[in-house]
Amino acid sequence: AEWEKQDAVWLGWEADSTLGFYPVVTEMIKTLTPHVTVKMAFDNDSLMQTAKRYLMLQKVDTTNIRFYLMPGDRYWIRDNGAAFLVNNKGQLGVADFGWNQYGFPQFLKEKYNNNRDSVNKYLNKRLPSINRTGKLDSLMAIAENAQLFKTAVVTEGGNIEVNGKGTLIVCESAMKNRNPNLTKEFMESELKKVLGVSKVIWLKRGLAEDPNGFYRRITGNYVGGGVQHSDEFVRFSNASTILLAWVDESEKNLNPINKMNYERLNESYQLLKSVTDQDGKPFNIIKVPLPDLTTKKIIATKEYSKEPSLNIPANRFYISEAPKVGDTLLRVPASSYMNYLVTNGVVLVSSYVAEGSSKEKENRVRKIFETQFPTRKIVFINAMPQNWDGGGIHCSTQQQPSKRHQN
46 AEWEKQDAVW LGWEADSTLG FYPVVTEMIK TLTPHVTVKM AFDNDSLMQT
96 AKRYLMLQKV DTTNIRFYLM PGDRYWIRDN GAAFLVNNKG QLGVADFGWN
146 QYGFPQFLKE KYNNNRDSVN KYLNKRLPSI NRTGKLDSLM AIAENAQLFK
196 TAVVTEGGNI EVNGKGTLIV CESAMKNRNP NLTKEFMESE LKKVLGVSKV
246 IWLKRGLAED PNGFYRRITG NYVGGGVQHS DEFVRFSNAS TILLAWVDES
296 EKNLNPINKM NYERLNESYQ LLKSVTDQDG KPFNIIKVPL PDLTTKKIIA
346 TKEYSKEPSL NIPANRFYIS EAPKVGDTLL RVPASSYMNY LVTNGVVLVS
396 SYVAEGSSKE KENRVRKIFE TQFPTRKIVF INAMPQNWDG GGIHCSTQQQ
446 PSKRHQN
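Plus 45 on top of the position in the sequence shown (first one is 1) and you've got the numbering used here.
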């Protein structure tokens, strides 16, 4: 489980995007390094040297950071990086899942209405990058002398939520999207085999602002991109307690996104109330409010801007959902207090007060985290640049557990 003792927290690093990830990553590293070793993976030496220079200029103490050259050009290390395992002999393992860049083949099929020529054309362009990035988890395993447990099932680390005692929660819509030709029963058997869990809880749908695909028309003129991960809306805070993102009934009609989330989260709540843990015991479920909705008016453009911009090219949407060039849209970030990281002595949580969300609501969230993690410092970080790109603090990190030895 994430709240157990950790040897390290891994981060990825990419060439700086127009969204401005670096300041957030810097703040995360400064918060983490007094508590845990930070390990960073880089696709190439040039990128690694750029990072070292940047961090030094930001007065980051790099003595508790380890740098690794590992081909794989993704920032979101939670998803394609190693899902670490530890057995009761204190041996380290890694669950090696398939990787298809968040269901990219399925995205192409739906985007181009199953036109085989178009699907093959764009898939073949991306395949070298997909294959390269898909090797990162095995490279991390080699670096840590961990045993690999392979499966053909495709999933990402952001959709693996465990209580450390044998129960796993996954978002079903993501699993089906990544594995359209596999049955739910087969996927469950593979998840149990490679993760060592005995029970899998399937929640049907994730948050509305975390849709399957980049980019989607969520409803009306609301648009966004995402991957339907469990870590955006449901998390264990201990082996028997589940934190569930929530929209209060008084807020459900404030906007269409709230209404969609209200329905989805109530569906998840009813399901979680009806299931038990690996020992047949019910869960304690705590509702954690979602931040107030943030939107930004954008333009559907002909191509990506070279300047910092949230505008999205019209051709990045599914054909059936595509706006016309010049259309005004409302872009929605993947905002959630659930995308938090727990490590030794500290919990990193996203903050939304600076974005206009209710301070009173965030204080309520703080009290929940202080109650659930009483021995850890709760640190709020504004991670909106990552949110605009469909992820957050948890997506940006991957914990490496300590190798526990039996007495």
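The beta carbon of each residue, even a glycine, is placed where N, CA and C say it ideally should be.
Hey, would you say Q10 sits closer than 9 Å to R223, going by beta carbons?
With the chain covering only 46 through 452, there is no way to say anything about residue 10.
For A379 and G435, the rounded distance between their alpha carbons
The alpha-carbon of G435 is positioned some 5 Å away from that of A379.
Checking 9 Å against the spacing of the C-beta atoms, do A428 and V81 come in under that value?
No.
Does M462 pass the burial test, meaning 16 or more other C-beta atoms within 10 Å, or should it be called exposed?
Outside the displayed span of the chain (46 to 452) sits residue 462, for which this structure offers no information.
Take the Cβ of N389 as the centre, count every other Cβ of all protein chains shown within 10 Å, and call the residue buried at 16 or more, exposed below.
Result: buried.
Report all residues from its chain with a CB closer than 6 Å to the CB of A186; omit the five preceding and five following residues, and keep chain order.
Contacts found: A127, V139 and L193.
With H, G and I counted as helix, E and B as strand and the rest as coil, what does DSSP make of D124?
DSSP places D124 in the helix class (H, G or I) of the three-state scheme.
Any idea which residues DSSP pairs V392 with across the strands?
Listed as beta-bridge partners of V392 by DSSP are V387 and I423.
Give me the DSSP bridge partner(s) of R361.
Residue pairing for R361: DSSP places it in no beta bridge.
Out of A367, R409 and R111, state which residue places its alpha-carbon closest to the alpha-carbon of K156.
It is A367.
Any contact of the stretch 410-428 with the stretch 304-315, i.e. 3+ C-beta pairs under 8 Å?
Flag = no, the stretch 410-428 and the stretch 304-315 do not touch.
Thinking C-beta only, is T178 closer than 9 Å to Q146?
Contact: yes.
Neighbourhood of N452 by C-beta, 7 Å cutoff - its chain only, sequence neighbours within 5 removed:
Because N452 carries a pLDDT of 35, less than 50, the predicted location of this residue cannot be relied on, and no value is offered for it.
Going by DSSP in three states, K238 sits in which element: helix, strand or coil?
Helix.
Is it buried or exposed, N176, if we count other Cβ atoms within 10 angstroms and call 16 or more buried?
Flag for N176 reads exposed.
Over the uninterrupted beta strand (DSSP E) stretch that includes Q136, give me the two end residues.
No beta strand (DSSP E) holds Q136; DSSP gives it neither H nor E.
Alpha carbon of T63 to alpha carbon of A197, nearest angstrom
Each residue's CA atom was taken as its position, placing T63 and A197 some 34 Å apart.
Starting from Q431 and walking both ways along the alpha helix (DSSP H), at which residues does that stretch end?
Where Q431 is concerned, the enclosing alpha helix (DSSP H) stretches over M429 to W433.
Of the residues S441, K351 and D372, which one's Cα is nearest the Cα of S395?
Checking every option, the nearest Cα to that of S395 belongs to S441.
On a Cα-Cα basis, can you pick out the residue from Q136, M232, S163 and G117 that is closest to K180?
Ranked by Cα distance from K180, the options Q136, M232, S163 and G117 are led by G117.
Three-state secondary structure (DSSP) at Q192?
Q192 falls in the strand class under three-state DSSP.
Have a look at D52, D61, L56 and K50 and flag the residue whose alpha-carbon is nearest the alpha-carbon of E352.
Relative to the Cα of E352, the nearest Cα in the group D52, D61, L56 and K50 belongs to D61.
Please identify the residue among Q136, A253, S403 and D276 whose C-alpha is closest to the C-alpha of G265.
Nearest C-alpha to G265: A253.
Could you check which residue in I438, T420, S319 and C216 has the C-alpha nearest to that of R250?
Answer by Cα proximity: C216.
For L317, does the three-state DSSP call read helix, strand or coil?
Reduced to three states, the DSSP call for L317 is helix.
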